[in-house]
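Undergrad:
2 protein chains.
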Amino acid sequence: MTARTEFEPVYKDIFPFWSRLSEADRDYLCENSYAVTYPRGRNIHDGNDCSGVILVQNGSLRLYMMSDEGREITLYRLHRGDICMLSASCVLESITFDVFVDAEEDSDCYVIGGPAFAALSERVPDIRIFALETAVGRFSDVMWVMQQILFMSMDKRLAIFLLDESARTGVDTITLTHGQIARYIGSAREVVSRMLKYFAGEGIVEVSRGDIRILDRKRLRELTS
Amino acid sequence: MTARTEFEPVYKDIFPFWSRLSEADRDYLCENSYAVTYPRGRNIHDGNDCSGVILVQNGSLRLYMMSDEGREITLYRLHRGDICMLSASCVLESITFDVFVDAEEDSDCYVIGGPAFAALSERVPDIRIFALETAVGRFSDVMWVMQQILFMSMDKRLAIFLLDESARTGVDTITLTHGQIARYIGSAREVVSRMLKYFAGEGIVEVSRGDIRILDRKRLRELTS
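Here the protein sequences come in this chain order: A and B. For the first sequence, this note's numbering gives the first residue as 102, with consecutive numbering after it. For the second sequence, this note's numbering gives the first residue as 102, with consecutive numbering after it.
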């Protein structure tokens, strides 16, 4: 199988500019791509280097910031069909902050080498626009997180997280530890445990070992407003 | 004076794409521009509407987020030669969060109507790239503010230090270098300098050569809680 036959079927659906690329540029992008499966928990991108453009085929990646003391704040997650552009800082020179990317599950990804993508995006305005728009779109996600953390109260934050997570997985039961939830919403484990206990006391959720089950979706939703 | 003769001298310096625009497009941008002086304290942009692209000629604009309760967080400031793109949400459809823009001083600005700029940026990739790059560049500023406030409580640590030091010496002026302060609060000189600049912008302190003078003790105290 050539690189072109391997990657083109995916690229032509994911990249709006694909049909306008020359044959040579399509070959170039495919030849500078590779398929990789990141095992659950693996750190994929670490700070401000140019790991490349990552396309998620299956699984889930988590982007986060980290303090000097190792405290993490999740910015957003990427799922099937999503593209990670912040891991290619050589493509977007104006991005000067460090983000980290971990695989949250075993994740099948395609990676396009950063320098190759950057070289092409210098030449082809369509690609540059796509890369920038992808980044700007995430800006809004990050601003949302910032607003949650800086402005909102904890009960609201936790309620939003539980509803989002339940919507994402399609089930009422959230299988995450309190520590994991705390990291996602930028809080401490103790705070999450205490708030979950409060929610449980109110009959909004049921907390058992390793599971949180949503009992009263209506009241949870009321908390988010 | 025609619109073209009024605005072109500024636009040709500020817009890297100007020389590549057609005559008709230059006319179009100029004819959809107006000059305005915002008085100090005036709110210029309020949330997610499309106020247009604002070019600062003189003065200072402040961009901030606001919570439901009216709490504000300054994201960054714009000065002479800077361009405000987040006030033109119709240009960047992927920006879905609300920012507010106030004039901090009497500010002379040129404004290009949002719909006109958006229409042109749809047609001219150079303009679209410029608009997106301007927005992505500010992404990094915002992430810095976020990191300092969320992780380091750097604002808090610095505020506590300045108040303690002032209490200890009995005067409003702290005569220490930024490097010395950084060592006292366990940070880096660059971080202290940047945070002091942030405080100065907020009118909390005045920073001069070798001195930091506390101007607004009440707000400094609020930061410590």
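Yeah, the Cβ is synthetic: ideal placement off N, Cα and C, and Gly gets one too. It should be emphasised that the depicted structure is a prediction, and the values quoted were computed from it without experimental measurement.
#1: Taking contact to mean at least 3 C-beta pairs separated by less than 8 Å, is the stretch 184-191 of chain B in contact with the stretch 226-239 of chain B?
#2: Using the C-alpha atoms, what's the distance from residue 130 of chain A back to residue 281 of chain B?
#3: Using a Cβ-Cβ distance cut-off of 9 Å, determine whether residue 293 of chain B contacts chain A.
#4: Any beta carbon from chain A within less than 9 Å of residue 245 of chain B's own beta carbon?
#5: Only counting the same chain, and skipping five residues up and downstream in sequence, which positions put a Cβ closer than 7 Å to that of residue 304 of chain B?
#6: Whose Cβ in chain B lies nearer than 7 Å to the Cβ of residue 192 of chain A?
#7: Note down, in chain order, all residues in the stretch 294-308 of chain A with a beta-carbon under 7 Å from any beta-carbon belonging to chain B.
#8: Could you tell me which chain A residues have their CB closer than 7 Å to the CB of residue 241 of chain B, listed as they occur along the chain?
#9: Less than 9 Å separating the beta-carbons of residue 185 of chain A and residue 225 of chain A?
#10: Taking residue 248 of chain B as the query, report the chain A residues whose CB atoms sit under 8 Å from its CB, ordered along the chain.
#11: Would you say residue 233 of chain A faces chain B, with C-beta separation under 9 Å as the test?
#12: Quick one: complete beta strand (DSSP E) runs, 3+ long, within the stretch 215-303 of chain B?
#13: Which residue from A:153, A:314, A:204, A:193 puts its Cα closest to that of residue 270 of chain A?
#14: Tell me whether the beta-carbon of residue 258 of chain A lies closer than 9 Å to the beta-carbon of residue 294 of chain A.
#15: Threshold first: 4 residues or longer. Then list the alpha helix (DSSP H) segments lying entirely within the stretch 113-184 of chain B, N to C.
#16: Run through chain D and tell me which residues come within less than 8 Å of residue 230 of chain B, C-beta to C-beta.
#17: Under DSSP, the alpha helix (DSSP H) around residue 323 of chain A begins and ends at which residues?
#18: Would you please verify whether the beta carbon of residue 236 of chain B is less than 9 Å from any beta carbon of chain A?
#19: Which of the three DSSP states is assigned to residue 200 of chain B in this structure?
#20: Relative to the C-alpha of residue 145 of chain A, which residue among A:211, A:241, A:302, A:283 is closest?
#21: Confirm the yes/no value for this check: CB of residue 233 of chain A, any heavy atom of the ligand ADP, distance under 8 Å.
#22: Less than 8 Å between the CB atoms is what I'm expecting for residue 176 of chain A and residue 193 of chain A, so what's the real figure, rounded?
#23: Apart from the five residues just before and just after residue 167 of chain B, which ones in its own chain have a Cβ nearer than 7 Å to its Cβ?
#24: Using DSSP bridges, identify the partner residues of residue 213 of chain A.
#25: Pick helix, strand or coil for residue 205 of chain B, following the three-state DSSP scheme.
#26: Assuming residue 313 of chain B is part of the beta strand (DSSP E), what are its boundary residues?
#27: Where does residue 307 of chain A fall in DSSP's three states?
#28: Leaving aside the five residues before and after residue 324 of chain B along the sequence, list all residues of the same chain whose C-beta is less than 7 Å from its C-beta, in chain order.
#29: Where does residue 148 of chain A land, buried or exposed, given buried means 16+ other C-beta within 10 angstroms?
#30: Quick check on this structure: which residue in B:275, B:118, B:139, B:274 has the alpha carbon closest to the alpha carbon of residue 209 of chain B?
TA: Taking the structure as given:
#1: yes
#2: 50 Å
#3: no
#4: yes
#5: 316, 317
#6: Ordered by position in chain B, no residue passes the 7 Å Cβ test against residue 192 of chain A, which lies about 11 Å from the chain.
#7: Cβ contacts with chain B: none found.
#8: 195, 196, 197, 198
#9: no
#10: 166, 168, 198
#11: yes
#12: none
#13: The candidate whose alpha carbon is nearest that of residue 270 of chain A is A:314.
#14: no
#15: 124-132
#16: Absent from the structure: chain D. Protein chains present are A and B.
#17: 318-324
#18: yes
#19: Residue 200 of chain B falls in the strand class under three-state DSSP.
#20: A:211
#21: Of ligands this structure carries none, so the ligand ADP is not represented either.
#22: Not really, about 15 Å apart at Cβ, beyond 8 Å.
#23: 173, 201
#24: DSSP output for residue 213 of chain A lists A:134, A:154 as bridge partner(s).
#25: When DSSP states are grouped into helix, strand and coil, residue 205 of chain B belongs to the coil group.
#26: Following the DSSP letters along the chain, one finds residue 313 of chain B inside the beta strand (DSSP E) bounded by residues 312-315.
#27: strand
#28: 256, 257, 260, listed in sequence order.
#29: exposed
#30: Residue B:139 holds the alpha-carbon nearest to the alpha-carbon of residue 209 of chain B among B:275, B:118, B:139, B:274.
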